[in-house]
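Trainee:
In mature numbering (1 follows the signal peptide of the UniProt record, and there is no 0), the protein residues as written are -26 to -1, 1 to 222.
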């Protein structure tokens, strides 16, 4: 928004495609390290992809100040949930104590980037949860842009004993489909700045690959704290900008 003088809707719409590039690159790294639950990722993605288009149309009808307020409020609400995930979920099942012993997967099993390993479908109630989570995140993805990825991450973390790194990798996989669907809907509505995408997407892929290589080797607790702090800072910045806008 600041660099290219974009409106909130243009920024959110264009960021969807940049987020696809970021997630595709980062997902490769996390998958190669075994930090992806492919079943959970596909289930969430199926629900999210179906509802991203309606979310984009909803955003197109919203006033810009309302978009900014909703975006900022969502991030500020999610930051403490990320930080307190071990308390909210069952600490006994958290992977923090096992971070050097390989990932634990709460859904269908791990994927090391070379093929599936012991992939099995989760219980019916968890399938319904993943698809429902995806549907809600899809609407948010179309309406709020990349802020929905944080919502998806928190929803996956609260689904059970999914460790933080697996939650991040699975969330990256699940964001690709709805990101493309939401960007396509915004492009048809004239909100997407395609001229900005190639260079920014290339930079996003490089940055995502490099930082993901670092992230997979970081301690779970430190990674979670940094993620929560970033989300809180982004939310406060967005809220300050929204409150400065005129109400009409």
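Ideal Cβ placement from N, Cα and C applies to all residues, glycine included.
1) Which residues bound the alpha helix (DSSP H) around residue 34?
2) Just mark residue 29 as buried or exposed, buried being the case when its beta carbon has 16 or more other beta carbons within 10 Å.
3) Given that a residue counts as buried once 16 or more other Cβ atoms are within 10 Å of its Cβ, and exposed if not, what is residue -23?
4) With a Cβ-Cβ cutoff of 9 Å, do residue 146 and residue 10 count as a contact?
5) Grab me the residues of residue 178's own chain with a C-beta within less than 6 Å of its C-beta, minus the 5 sequence neighbours each way, in chain order.
6) Could you check what DSSP says for residue 103 in three-state terms: helix, strand or coil?
7) Report the rounded CA-to-CA distance for residue -15 versus residue 6, giving the unit in angstroms.
8) Can you give the Cα-Cα distance for residue 203 and residue 42, rounded to whole angstroms?
9) Which residues in the same chain as residue 213 place their Cβ atom closer than 6 Å to its Cβ, once the five residues preceding and following it in sequence are excluded?
10) Mark residue 2 as exposed unless 16 or more other C-beta atoms lie within 10 angstroms of its C-beta, in which case mark it buried.
11) How is residue 165 classed by DSSP in three states: helix, strand or coil?
12) State the Cα-Cα distance for the pair residue 163 and residue -21, rounded to the nearest angstrom.
13) Thinking just about the alpha-carbon of each residue, which of 130, 19, 169, 33 is nearest to the one in residue 153?
14) CB-CB under 8 Å to residue 105, same chain, minus the five flanking residues each way: which ones, in chain order?
15) Is it buried or exposed for residue 107, if we count other Cβ within 10 angstroms and need 16 for buried?
16) Comparing the CB of residue 158 with every heavy atom of the ligand PLP, is any distance shorter than 8 Å?
17) Helix, strand or coil for residue 192? Go by DSSP, reduced to three states.
18) Using only the alpha-carbon positions, how far apart do residue -19 and residue 159 sit?
19) Tell me, to the nearest whole angstrom, how far the beta carbon of residue 57 is from that of residue 198; I am working on the premise that it is less than 8 Å.
20) In chain order, what residues of the same chain lie with their CB nearer than 8 Å to the CB of residue 210, ignoring the 5 residues before and after it?
21) What is the DSSP secondary structure of residue 43, counted as helix, strand or coil?
22) How big is the Cα-Cα spacing for residue 87 and residue 54?
Mentor: On the basis of the supplied data:
1) By 1-based counting over the chain shown, the position of residue 34 is 60. Start and end: 12 to 35.
2) What you label residue 29 is simply residue 55 of the chain shown in a count that begins at 1. Residue 29 is buried by the Cβ-count criterion.
3) Stepping through the chain shown from its first residue, residue -23 is reached at position 4. Exposed.
4) Translated into positions along the chain shown, residue 146 becomes position 172. Translated into positions along the chain shown, residue 10 becomes position 36. Going by C-beta atoms, residue 146 is nearer than 9 Å to residue 10.
5) For the purposes of this step, residue 178 is identified with residue 204 of the chain shown, where counting begins at 1. -9, -6, -5.
6) As a position in the chain shown, residue 103 is number 129, starting the count at 1. Here residue 103 sits in helix by DSSP.
7) Locating residue -15 in the chain shown gives position 12, where the first residue counts as 1. Locating residue 6 in the chain shown gives position 32, where the first residue counts as 1. Roughly 30 Å between the two C-alpha positions.
8) Counted from its first residue, the chain shown places residue 203 at position 229. Counted from its first residue, the chain shown places residue 42 at position 68. Rounded to whole angstroms, residue 203 to residue 42 spans 19 Å at the Cα level.
9) Stepping through the chain shown from its first residue, residue 213 is reached at position 239. Closer than 6 Å at the Cβ level, and outside the excluded window around residue 213, lie 46.
10) Sequence index remark: in the chain shown, residue 2 carries index 28 (1-based). Per the 10 Å Cβ criterion, buried.
11) Here residue 165 refers to the residue found at position 191 of the chain shown. Coil at residue 165, not helix or strand.
12) Translated into the one-based positions of the chain shown, residue 163 becomes position 189. Translated into the one-based positions of the chain shown, residue -21 becomes position 6. Rounded to whole angstroms, residue 163 to residue -21 spans 16 Å at the Cα level.
13) Start at 1 with the first residue of the chain shown, and residue 153 comes out as number 179. Residue 19 is the option with its Cα nearest to residue 153.
14) Here residue 105 refers to the residue found at position 131 of the chain shown. Same-chain partners within the cutoff: 17, 18, 20, 21.
15) As a working mapping, residue 107 is identified with position 133 in the chain shown. The residue is buried, with at least 16 neighbouring Cβ atoms inside 10 Å.
16) You won't find the ligand PLP in this model; it holds no ligand whatsoever.
17) On the chain shown, residue 192 is found 218 positions in, with the first residue counted as 1. If DSSP states are grouped into helix, strand and coil, residue 192 belongs with coil.
18) Here residue -19 refers to the residue found at position 8 of the chain shown. Here residue 159 refers to the residue found at position 185 of the chain shown. Each residue's Cα considered, the two are about 16 Å apart.
19) Taking the first residue of the chain shown as position 1, residue 57 is located at position 83. Taking the first residue of the chain shown as position 1, residue 198 is located at position 224. Yes, they are in contact, since the Cβ atoms of residue 57 and residue 198 sit about 7 Å apart, within 8 Å.
20) As a first step, residue 210 is located in the chain shown; it is residue number 236 there, counting from the start. Once the five neighbours on either side are set aside, the close Cβ partners of residue 210 are 46, 50.
21) Position 69 of the chain shown, counting from 1, holds the residue named residue 43. DSSP places residue 43 in helix when its eight states are reduced to three.
22) Residue mapping note: residue 87 aligns to position 113 of the chain shown, counting from 1. Residue mapping note: residue 54 aligns to position 80 of the chain shown, counting from 1. Confidence in residue 87 is poor, its pLDDT being 40 and thus under 50, which makes the residue's placement unreliable; the coordinate value appears in the next sentence. The straight-line gap from Cα to Cα measures roughly 32 Å.
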